[in-house]
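Note sheet for the following structure.
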Amino acid sequence: MYFSAPMLILACWLLFRMHRTLDVFWLDQDNAKSLGVDVPKVTRNVFILSAVLIAISTALVGPIMFFGLLVTNLSREMFHSYQHKTLLIGCSLLAISSLLSGQWIIENVFNFETTLSVVINFLGGIYFLYLLLKNKVV
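Positions 12 to 149 (the working numbering) are the ones given, in order, by the sequence shown.
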């Protein structure tokens, strides 16, 4: 825990500093290149930071397969913004609040003795099917 907290703070800070570049990246690679973004370097840095954040969260919480899918899509629908500054903060707050409130609801309201990951994977699977059917992929 003591090793992961500084790594987590550093990775989040570095990713948050890149929010303007990620906004340009949202357009596409050709526009990003024409606006002066070093596309391979930014792509590599985002993948490295994402891998660090995923490794830390998996080590601390355990594998929750559909949680990232749920939080990112719900925050995108809730905030209606394409600015990464808003999305990063909103997604982080939504993830923290949903984990804490979900665990509290399971333990205190329903008196279940199951872990939150079981419920999240169940709801995430249903939401994943909804996204597939909504976009007519299946």
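Idealized CB from N, CA, C, for every residue including glycine.
With 16 or more other Cβ atoms inside 10 Å of its own Cβ, F78 counts as buried.
Rounded to whole angstroms, the separation of the alpha carbons of S86 and F139 is 15 angstroms. Just measuring C-alpha positions, the residue of S109, L64, V82, S92 sitting nearest L25 is L64.
A straight-line Cα-Cα distance of about 36 angstroms links Y93 and V120. In the three-state reduction of the DSSP assignment, W115 falls in the helix class. Non-local C-beta neighbours of I67 in its own chain, meaning closer than 7 angstroms and more than five positions away in sequence, comprise S15, M18, L19, ordered along the chain. N42 sits in a helix when the DSSP states are folded into three classes.
If you check the CB distance, I117 and L127 come in under 9 angstroms. Around the beta carbon of T32, 16 or more other beta carbons sit within 10 angstroms, so the residue counts as buried. The DSSP-derived three-state label of S92 is coil. A check of alpha carbon separations from G135 across T97, L80, G113 identifies L80 as the nearest.
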